[in-house]
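The structure appears below as C-alpha cells.
Residue numbers (the working numbering), protein chains in the order written: chain A, 1 to 394; chain B, 1001 to 1394.
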C-alpha cells in the first residue's frame, strides 16, 4: 500500500492555506488587523430569497409528510429546470436532463477529470489550482499554456497545433486574471476542439460578472454543444460559498468513443456521490427566481464597482493590470518579480492581503491578485492605502 | 481521450437505479401502490433540534455580520469538537483534528480510496456497492471475501493468510446483512491489520443500531488507532439522508511509508473539496446535542422495533435470516435462488419492494434485504402481507 503517485507531483501546500498561514503569523507578531483581499470569498450575506427558502425547507424537513430523504444524485427536477430556464432566457437551449447539480464547482471539476483515462489536459495558466491538482492526482499529463501581458492572459489554441483528443480547461472570466474571452475568442477554441476531437471543460463560475456583449456561457458559441461541458456555480453569483451548490451541463450529444459522456458522468455520480442537501437546492432555486436574481444583481454590481475603484488606483500609478471590467478580481504586475515577496511587502506596508500570482501557475510569477469581494467602504480604504503606498511597494 | 477503464469493470447499472426502474415499470403496468422497503432511506423527518438549528443558521447566513463564507475543508471546529466529544463519551479518545467533516459517507469512502496507488482492496461481500465501485473506478484490485450462512455473513481474515499491505473495508453492523462483529471479531481484524501492515476502512454508518455490549466504533478495540480509519454518518442516525453530512476519523499516528495518512487526506480534501454547507453542519451539531440525541434515539428504537416485527414473520416461517438485533435491515434466504426473480415475485404477490441480495455482491445471490426504515404501521402491514404470502413466494 503506497500513497497515490499524484501526491508527489502536487505543490507542497495548497495556495490559500499558505496565504492563511502567513497572515496568521503576521498578526501574531504584529497584532492589529488586516484588510483581506486574498481568498476570493464573498463579503455579502445570502440573498433574502434564499434565506426564506432555507427556512421553508427546514420546516418541510421536520414534517412527517413533506420530509425528503436521499436527493436524486443529479439534483432535484425543480432546480435542474430552473437552471435550464435561466439558459433559455439567455437564448441557449439546454434540457433539464443535461443539468447536474453538485456541491461546488471545485468538487465537480475534480470529479469530472476522473472520467478519462490518463491523457493530455490543457490548462491555460495562471488559473484556479483545482484543474492542475485534480489532473495530477488522477494521472493526467498537464499541458500548461502560458498567459502573459502579450496575449492579455488569454492564450489561444495556436500553440496546440497538431495535437488531438485533448481535455481543455477554460475559465472565462478568468480567476485570477479577470481576463475574459469575447465571442470570437471562445469560437476559436470551439473550432479547435471540434477539429481535433478535443473536449472543452468550461468553468463559468464568474459568468455573471462579464460585461455587456460578452458571452455568459460557452453554449452561446455555435458548435459548443458538440465539444464543451460547462461548470456553473452559485458561489460568486449568489453568495453561496458557505452553502455549496453548483451545476454541470453535459450535452446529450457528446460521445467518448461509443459512450455518451453524459452517461459516464451520471454513472460516476450515482456510484460516488449522494446528491446535494435539499435545503441547499431550495436556496439555490430561490436565488434564480426573478426576485432572487434582482437581489444578487445588486451585490454583483457592488463588487464590480469595487473593482473599478481599485483599478483606478493602478491606472493612476501606471501599473499594468487586467480584470476590472468583467470580473471581481484585479490582476496586476508587481515589477520586482517575486509574487510572494510582494505579498509580504504589501502586507507590511499597507496591511492589505492579496494572493501571489505564482500560486496560480508559473506564468503568474511577477503578478498579483486582489479580490474585490468586499464592502465599498473596505474597497475605498484599501484603495487609499494602495494609493499612498504603491510607489514604495513597486 | 478515452473513458477511464474502471467504467468497463462496473456493473451495467447502479443497484438502486435498477430497483427504481422495475418499480416504476410495475406501477405503470398495474397501478395502485407499493410498500417500499427497498432503498435504505429513512422514513421519519429531521429531529426538531436540527430543524431549529437550520432556521437559526439561515438567519445568520442572511446577516451582514454573522454571515459565513467558505467553510474550512475539514469542517467547522464546533462540529469536529462535538463529534470528538461523542467519542469521548463512548470512552474513546479522538482529537478534534482527527475528525474530518464530509457531505456523506459515500463521497468520503470513494474519495478516500483515491489516496492509494492501485493495490489489493479487501471487500467482504455482500456489501454496500460504493466500496467495490470506487475501488474499480480508481484501478484497485478488489479481493472479495464471501459472506455466507456458514460464517453468519461475518468473514474473518483467515482467508487472507500470507497477504500484506491490504486496504480492508469493514462495515459493521453491516449493510445489507445486518450482521455485526462483536469485540472479539473486530479485534481479530485489527490484529491482522497490525501484523500485515494493512489498513482497515471501517464504515460505522449503522453504529447507533448496534445492541448493548456491541462495539459502536472500531476504536473501542485496542490497537485500532494504529491501523483503522472510521467513517461515520448522520444519515441513518439522525435522518440526514436528505441533508448530507458525515465524518471521517483519521488517527494522527497512521503512516503511509514516510507520510501521515491524515496529511494525505487533508491535502486531497483541500485540493478537491470545499467543505460542507454551514447550515448542514449546524444541523448536525444539533443532532448530537443531548436533546438532539434523545430525539434521534426515539426514531432509532422505532426502526429497531420494525426490524423485530418483520423478523418475527421470518422466524415463524422458518426462513433463515440475520439482522434483527443490530441493524435496521432484515436479510433472509430466498430458497429458489434468484434474487431478482424473488424481487419480482415479492412485488407481484405482496406489493412489497425489497432489494435483491445479489445487488450487494455475488455471495448475496439467493438472499434478499428488507429495510426497516419505515413507520410501525407500514412495518406491520408489510409483516401481515408477508405472513400470508411467504409460503407461496418461497
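Glycine included, every Cβ here is placed at the ideal spot set by N, Cα and C.
Assess, as a yes-or-no matter, whether the segment 1282-1300 of chain B is touched by the segment 1075-1084 of chain B under the definition of 3 or more beta carbon pairs within less than 8 Å. Verdict: yes, contact present.
Nearest CA to the CA of residue 1038 of chain B: which residue from B:1388, B:1390, B:1362, B:1339? What you label residue 1038 of chain B is simply residue 38 of the second chain in a count that begins at 1. From the listed residues B:1388, B:1390, B:1362, B:1339, the smallest Cα separation to residue 1038 of chain B is found for B:1339.
Contact list for the segment 212-242 of chain A against chain B, Cβ threshold 7 Å: Against chain B - using a Cβ distance shorter than 7 Å - the residues of the segment 212-242 of chain A are 241, 242.
According to a CB-to-CB cut-off of less than 8 Å, which residues of the segment 115-127 of chain A neighbour chain B? Residues 115, 116, 117, 119.
Let me know the beta strand (DSSP E) ranges lying completely inside the segment 138-169 of chain A, each 3 residues or longer, listed in chain order. As for any beta strand (DSSP E) of minimum length 3 sitting wholly inside the segment 138-169 of chain A, the runs are 141-146, ordered along the chain.
Helix, strand or coil, according to DSSP, for residue 302 of chain A in the structure here? Here residue 302 of chain A corresponds to residue number 302 of the first chain, with the count starting at 1. DSSP places residue 302 of chain A in the helix class (H, G or I) of the three-state scheme.
Measure the CB-CB distance between residue 133 of chain A and residue 1272 of chain B and report whether it falls below 8 Å. In the first chain, residue 133 of chain A corresponds to position 133, counting from 1. In the second chain, residue 1272 of chain B corresponds to position 272, counting from 1. Against a cut-off of 8 Å, the Cβ pair of residue 1272 of chain B and residue 133 of chain A comes out as a contact.
Our contact map puts residue 1313 of chain B next to residue 1383 of chain B with C-beta atoms below 8 Å; I'd like the distance itself, whole angstroms only. By 1-based counting over the second chain, the position of residue 1313 of chain B is 313. By 1-based counting over the second chain, the position of residue 1383 of chain B is 383. In this structure residue 1313 of chain B is in contact with residue 1383 of chain B, their Cβ atoms being roughly 5 Å apart against a cut-off of 8 Å.
Would the segment 1197-1209 of chain B count as touching the segment 1137-1153 of chain B if we require 3 or more Cβ pairs under 8 Å? By the Cβ criterion, the segment 1197-1209 of chain B is not in contact with the segment 1137-1153 of chain B, since fewer than three pairs of Cβ atoms, one from each stretch, lie closer than 8 Å.
Go ahead and label residue 1298 of chain B buried or exposed: buried means 16 or more other beta carbons lie within 10 angstroms of its beta carbon, across all protein chains shown. What you label residue 1298 of chain B is simply residue 298 of the second chain in a count that begins at 1. Exposed, because fewer than 16 other Cβ atoms sit within 10 Å of the Cβ of residue 1298 of chain B.
What are the residues that DSSP puts in a beta bridge with residue 1232 of chain B? Sequence index remark: in the second chain, residue 1232 of chain B carries index 232 (1-based). Residue pairing by DSSP places residue 1232 of chain B opposite B:1247 in a beta bridge.
Which residues in chain B sit within 7 Å of residue 5 of chain A, going by Cβ to Cβ distance? Position 5 of the first chain, counted from the first residue, corresponds to residue 5 of chain A. In chain order: 1117.
Residue 6 of chain A - containing alpha helix (DSSP H), residue span: Within the first chain, the letter at position 6 stands for residue 6 of chain A. DSSP places residue 6 of chain A in the uninterrupted alpha helix (DSSP H) bounded by 6-9.
Secondary structure of residue 3 of chain A, DSSP reduced to three states: Looking up residue 3 of chain A in the first chain gives position 3. DSSP places residue 3 of chain A in strand when its eight states are reduced to three.
Are any of the Cβ atoms in chain A nearer than 8 Å to that of residue 1063 of chain B? One-based indexing of the second chain puts residue 1063 of chain B at position 63. The Cβ of residue 1063 of chain B sits closer than 8 Å to at least one Cβ of chain A.
Taking 8 Å as the threshold (beta carbon to beta carbon), is residue 1397 of chain B in contact with chain A? Outside the displayed range of chain B (1001 to 1394) lies residue 1397 of chain B, so it cannot be described from this structure.
In the DSSP assignment, find the alpha helix (DSSP H) that holds residue 1083 of chain B and state where it starts and stops. Here residue 1083 of chain B refers to the residue found at position 83 when the second chain is read from its first residue. The continuous alpha helix (DSSP H) containing residue 1083 of chain B extends over residues 1077-1089.
Please decide whether residue 274 of chain A counts as near chain B, where near means a Cβ-Cβ distance under 8 Å. For the purposes of this step, residue 274 of chain A is taken as the residue at position 274 of the first chain. Residue 274 of chain A counts as touching chain B.
Own chain residues within Cβ distance below 6 Å of residue 32 of chain A, not counting five before or after: As a position in the first chain, residue 32 of chain A is number 32, starting the count at 1. Correct list: empty, nothing qualifies.
Pull out every residue of the segment 332-349 of chain A whose Cβ sits closer than 9 Å to any Cβ of chain B, in chain order. Here the close residues number zero.
For the pair the segment 273-281 of chain A and the segment 300-311 of chain A, tell me if three or more CB-CB distances fall below 8 Å. With a cut-off of 8 Å on Cβ pairs, the segment 273-281 of chain A is not in contact with the segment 300-311 of chain A, counting fewer than three such pairs.
Answer yes or no: do residue 1250 of chain B and residue 1073 of chain B have a C-beta to C-beta separation smaller than 8 Å? Start at 1 with the first residue of the second chain, and residue 1250 of chain B comes out as number 250. Start at 1 with the first residue of the second chain, and residue 1073 of chain B comes out as number 73. No. Outside cutoff.
May I ask you to report which of helix, strand or coil DSSP gives residue 1371 of chain B? Residue 1371 of chain B sits at position 371 when you count from the first residue of the second chain. Strand.
For residue 243 of chain A, the nearest candidate out of B:1023, B:1042, B:1057 (CA to CA): Position 243 of the first chain, counting from 1, holds the residue named residue 243 of chain A. For residue 243 of chain A, the closest of B:1023, B:1042, B:1057 by C-alpha to C-alpha distance is B:1057.
Per-residue contacts from residue 1067 of chain B into chain A (C-beta, under 9 Å): The count along the second chain starts at 1 and reaches residue 1067 of chain B at position 67. Within 9 Å Cβ-Cβ: 42, 43, 44, 45, 46, 239, 242.
Assigned exposure category for residue 1124 of chain B - 16 Cβ within 10 Å defines buried: Walking along the second chain from the start, residue 1124 of chain B turns up at place 124. Per the 10 Å Cβ criterion, buried.
Starting from the beta carbon of residue 77 of chain A, find every residue of chain B whose beta carbon is closer than 7 Å, and list them in chain order. Translated into the one-based positions of the first chain, residue 77 of chain A becomes position 77. Near residue 77 of chain A there are no residues of chain B at all, since even the closest Cβ is about 14 Å away, more than 7 Å.
Bridge partners - residue 345 of chain A, DSSP secondary structure assignment: Start at 1 with the first residue of the first chain, and residue 345 of chain A comes out as number 345. None; residue 345 of chain A has no bridge partner.
For residue 416 of chain A versus residue 205 of chain A, is the C-beta spacing smaller than 8 Å? Examination of residue 416 of chain A is not possible in this model, given that chain A is present from 1 through 394 alone.
Return the Cβ separation of residue 245 of chain A and residue 237 of chain A in integer angstroms, given the expectation that the two are a contact with Cβ distance under 8 Å. As a working mapping, residue 245 of chain A is identified with position 245 in the first chain. As a working mapping, residue 237 of chain A is identified with position 237 in the first chain. A Cβ-Cβ separation of about 10 Å leaves residue 245 of chain A out of contact with residue 237 of chain A under the 8 Å criterion.
Cα-Cα separation, residue 219 of chain A to residue 392 of chain A: Position 219 of the first chain, counted from the first residue, corresponds to residue 219 of chain A. Position 392 of the first chain, counted from the first residue, corresponds to residue 392 of chain A. When the Cα atoms are used, residue 219 of chain A and residue 392 of chain A turn out to be separated by approximately 46 Å.
Residue 1133 of chain B touches chain A at which residues, Cβ-Cβ below 8 Å? Locating residue 1133 of chain B in the second chain gives position 133, where the first residue counts as 1. Under the 8 Å cutoff, chain A gives 271, 272.
Can you give the Cα-Cα distance for residue 1062 of chain B and residue 118 of chain A, rounded to whole angstroms? Taking the second chain and counting its residues from 1, one reaches residue 1062 of chain B at position 62. Taking the first chain and counting its residues from 1, one reaches residue 118 of chain A at position 118. Their Cα atoms are separated by approximately 43 Å.
Write down the C-beta distance between residue 155 of chain A and residue 357 of chain A rounded to the nearest angstrom, noting that I regard them as a contact closer than 8 Å. To locate residue 155 of chain A, count along the first chain from 1; it is residue 155. To locate residue 357 of chain A, count along the first chain from 1; it is residue 357. About 15 Å separates the two Cβ atoms, so there is no contact after all.
Residues, ordered as in the chain, of the segment 1277-1298 of chain B that lie near chain A by beta-carbon distance below 7 Å: The residues in question are 1277, 1278, 1279, 1280.
Residues of chain A with a CB under 8 Å from the CB of residue 1107 of chain B: which are they? On the second chain, residue 1107 of chain B is found 107 positions in, with the first residue counted as 1. Those are 272, 273, 274, listed as they occur along chain A.
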